[in-house]
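To start, the structure itself, in C-alpha cells.
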Amino acid sequence: MLDIQKIRADFPILNCTVNGKPLIYFDNGATSQKPQVVIDAISNYYKEINANIHRGVHTLSQLATDAYEVSRGKVQQHINAKHSHEVIFTSGTTQGINLVASSFTALIKAGDEIMVSALEHHSNIVPWQFLCERTGATLVVIPMNDKGELIMEEYDRLLSEKTKIVAVNHISNALGTINPIEEIIAKAHHVGAAVLIDGAQATPHLRPDVQALDCDFYVFSGHKICGPTGVGILYGKEAWLNQLPPYMGGGEMIKEVTFEKTTYADLPHKFEAGTPNIADGIALGTAIDYLNGIGFENIQKQEKELLAYATAKLLEIEGLKIYGTSENKTSVVSFNIEGIHPYDIGTIIDKLGVAVRTGHHCTQPIMNYFNIPGTVRASFSFYNTKEEIDIFVDSVKKAKTMLS
Ligand code: PMP
C-alpha cells in the first residue's frame, strides 16, 4: 500500500492553492508535477558542478560529464536497452520523432508507405507528413473503433512490403487506450518494416522493456515522468542508429571536420549536436530513481483504483459521455456533457481549484472521428486521491448546473 500523503509531501506544488482553493491537479497527461528531489537535482547542478560536458579537462567539466553519463546509464537500465549508446538525449518526444522521421528520409523513396494510427498525437503525424512530402511516400493510417481501439484486422490488411516504418503510440494521450504494441511490432517486422513507439504517455505508468518489445525506436519526454521539461529520450537499436544519417550538424557530433569532408562521432554523440540540456538530463535520472523508488506496480495499482472510482462517479452525471472505453486503458477520463462546450466546464472547475485539460489534446483526427470539438480530460497520477476525485466530480456537477 502506498502512503499517498507521504508521497504528496514530496511534491511542493501539491500544497498550493489556486483561485483560493487547494489545487487538484488532474492534468498529468500534459505534464506531471515534480518532486523536491528533482527540483534539487537541477539547482544543485547549477550550484555545484555547472560546466560544459565532454569538452574540458578541468574538474567541474569532468564532474558534469560524469553526472550526465550516469543519468544516461540510469535510462539505459530503466528501459533495458542493450547499450548505453542506444540512449540519445533529446529535448522531448517531439524532437525524438522528428529526428527519426528526418533521418529516415535517406532510406525512403516514392511509393513507399509510412504507417501511423488514428490515435496519434500530432507530433507523431506531422513529422511523417514532412517525410512523405520530401520523398513521395504515402501516409497510411490504421483506423480505430468506437471504443478508441485500433482495428487490428485493418492493420493486417494495410501492412505490406511497401510499409517502411510503423509509428504508433504505446498509450493514447486523448483516450488512454493501451495499444497492442507487441503484436504491432512483431507483424511490422514480419514485412521488414521498422517500428517507432511513442512512449510519451506510457512511461509515466509503466517501465518499457525495449529489448523484450523488440521495437526499433522508443521515444518519451522527461516532463511527463516527474522530470524537467526540455529533456527527453530517443532509444534506437544500435544498427538503426548507425545506419541513419545525423539529424543536426554542429559541435560534439563530429569526429573530424574539414571543408572538404566531415566524419561523424560514434553513438550516441552522432545524434547529440551542440551543448545539451545538462542540468535537466541529470535531473531526468533523479526522476527515474524516484519513480522506481515508488515502484511501477504500486503506481499502476493506485492509478487503476482512481480510474475505476472516477469513471463510476462521473457516469452518474446525466448526459455525460466518456470517450475511450477500452478495457485496456490508463488513468485518463476524456468526457463531454451533452449541450455544454468542454472549455466552459474547464473554466468553471478551474475557479474551484481543479486543473484539467480541455480541447483537442493535439489529436484532432480523434476529435473528428467522434465529431466533437474537444473533450474535458482528467488524467490521474499516483499522487492523486479519491478525495480529490470527489471534489472534482462535485465541481463538474456545479459547472453543469451553471451551464445548463
Ligand atoms: N505523444 C504523445 C502521446 C503525447 O501525449 C505528447 C505530449 N502531450 C507528445 C507526443 C509530445 O510530447 P512533448 O510535447 O513532450 O514533445
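Numbering (this note's numbering), first residue to last: 442 to 845. Beta carbons: idealized from backbone N, C-alpha and C, even for Gly. Computed from a predicted model, the values in this text were never measured in an experiment.
Please work out which residues of its chain come closer than 6 Å, Cβ to Cβ, to residue i, disregarding the five sequence neighbours upstream and downstream, and give them in chain order.
i              : result
valine 795     : Ile465, Phe833, Ser836
lysine 827     : Tyr750
alanine 846    : Absent from the model: residue 846. The displayed extent of the chain is 442 to 845, so no value can be given.
isoleucine 417 : This structure does not reach residue 417, given that the chain is present from 442 up to 845, and the question cannot be answered.
threonine 703  : Ile695
arginine 648   : Phe737
isoleucine 786 : Val817, Ala840
methionine 556 : Val581, Thr604, Val607
glutamate 554  : Thr579, Val581, Lys603, Thr604
arginine 798   : Asp468, Ala471, Arg818
Are there any heavy atoms of the ligand PMP lying less than 7 Å away from the beta-carbon of residue i, as far as the coordinates show?
i              : result
alanine 641    : yes
alanine 471    : yes
glutamine 610  : Rather than glutamine, the amino acid found at residue 610 in this sequence is asparagine. True, at least one ligand heavy atom lies under 7 Å from that Cβ.
cysteine 667   : no
cysteine 803   : yes
serine 822     : no
glycine 533    : yes
asparagine 769 : no
glycine 673    : yes
asparagine 460 : no
serine 662     : yes
serine 564     : yes
asparagine 614 : yes
If I measure Cβ to Cβ from residue i and keep anything under 7 Å in the same chain, skipping five residues before and after, which residues do I get?
i              : result
serine 525     : Arg513, Gly514, Gln517
leucine 390    : Summary: the structure shown does not reach residue 390, with the chain confined to residues 442 through 845, and so no result is reported for it.
cysteine 457   : Leu464
isoleucine 723 : Ala482, Tyr486, Ala508, Tyr509, Ser512
glycine 633    : Glu602
lysine 838     : Ile758
isoleucine 813 : Asn777
threonine 506  : Ile494, His495
serine 820     : Phe467, Asp468, Asn469, Gly470, Ser772, Val773
Below 8 Å CB to CB, which residues in the same chain sit around residue i once its five sequence neighbours on both sides are set aside?
i              : result
glutamate 595  : Ile583, Pro584
serine 845     : Gly780, Ile781
leucine 501    : Ile490, Asn491, Ala492
asparagine 610 : Ser558, Leu560, Glu561, His562, Asn565, Asn620, Ile638, Asp639, Gly640, Ala641, Gln642, Ala643
alanine 653    : Asn521
glutamine 474  : Phe452, Ile454, Leu455, Tyr466, Cys667, Ser822, Tyr824
alanine 627    : Asp655
isoleucine 735 : Leu443, Ile448, Phe823
glutamate 697  : Thr703, Thr704
Touching by the beta-carbon criterion (3+ pairs, under 8 Å), the region 597-615 and the region 800-810: The region 597-615, when compared against the region 800-810, does touch it at the 8 Å Cβ threshold.
Give the list of continuous beta strand (DSSP E) stretches no shorter than 3 residues that lie fully inside the region 616-640. The beta strand (DSSP E) runs of length 3 or more contained entirely in the region 616-640 are, from start to end of the chain, 635-639.
So, does the region 756-768 touch the region 634-653, judging by three or more C-beta pairs under 8 Å? Judged by Cβ distances under 8 Å, the region 756-768 makes no contact with the region 634-653, as fewer than three pairs qualify.
May I ask you to verify whether the region 449-461 touches the region 680-695, counting CB pairs closer than 8 Å and requiring at least 3? Touching, no, given that fewer than three Cβ pairs across the two stretches are closer than 8 Å.
Output the residue ranges of the alpha helix (DSSP H) runs that lie fully inside the region 462-532 and measure 4 residues or longer, sorted by chain position. Correct list: 477-485, 500-520.
Where are the alpha helix (DSSP H) runs, 4 residues long or more, that stay fully inside the region 739-817, in chain order? You should have 783-792, 805-811.
Would you call the region 744-757 and the region 714-732 touching, i.e. three or more CB-CB distances under 8 Å? The answer is no - the region 714-732 does not touch the region 744-757, with fewer than three Cβ pairs under 8 Å.
Pairs of beta-carbons, one from the region 597-608 and one from the region 566-586, closer than 8 Å: are there three or more? As far as the Cβ criterion goes, the region 597-608 touches the region 566-586, which means the pair count is three or higher.
Are three or more beta carbon pairs between the region 662-669 and the region 691-698 nearer than 8 Å? No, they do not touch.
Evaluate the contact criterion for the region 497-504 versus the region 736-743: three or more CB pairs, one atom per stretch, below 8 Å. Using a Cβ-Cβ distance cut-off of 8 Å, the region 497-504 and the region 736-743 are not in contact, since fewer than three pairs of beta carbons, one from each stretch, lie closer than that value.
Counting Cβ pairs closer than 8 Å, one from the region 572-581 and one from the region 545-564, do we hit at least three? With a cut-off of 8 Å on Cβ pairs, the region 572-581 is in contact with the region 545-564, counting three or more such pairs.
Would you mind listing the beta strand (DSSP E) stretches within the region 675-745 that are 3+ residues and don't spill past its ends, in chain order? Unbroken beta strand (DSSP E) stretches of 3 residues or longer found wholly inside the region 675-745: 695-698, 703-705, given in chain order.
Across the region 770-781 and the region 621-628, are there enough close Cβ pairs to call them in contact, namely three or more that are closer than 8 Å? The region 770-781 vs the region 621-628: no contact.
Runs of beta strand (DSSP E) wholly within the region 645-678 (minimum 3 residues, chain order): The region 645-678 contains these whole beta strand (DSSP E) runs: 658-662, 673-677.
Which runs of the alpha helix (DSSP H) fall wholly inside the region 536-615 and span at least 4 residues, in chain order? Taken in chain order, the complete alpha helix (DSSP H) segments of 4 residues or longer contained in the region 536-615 are 567-576, 593-599.
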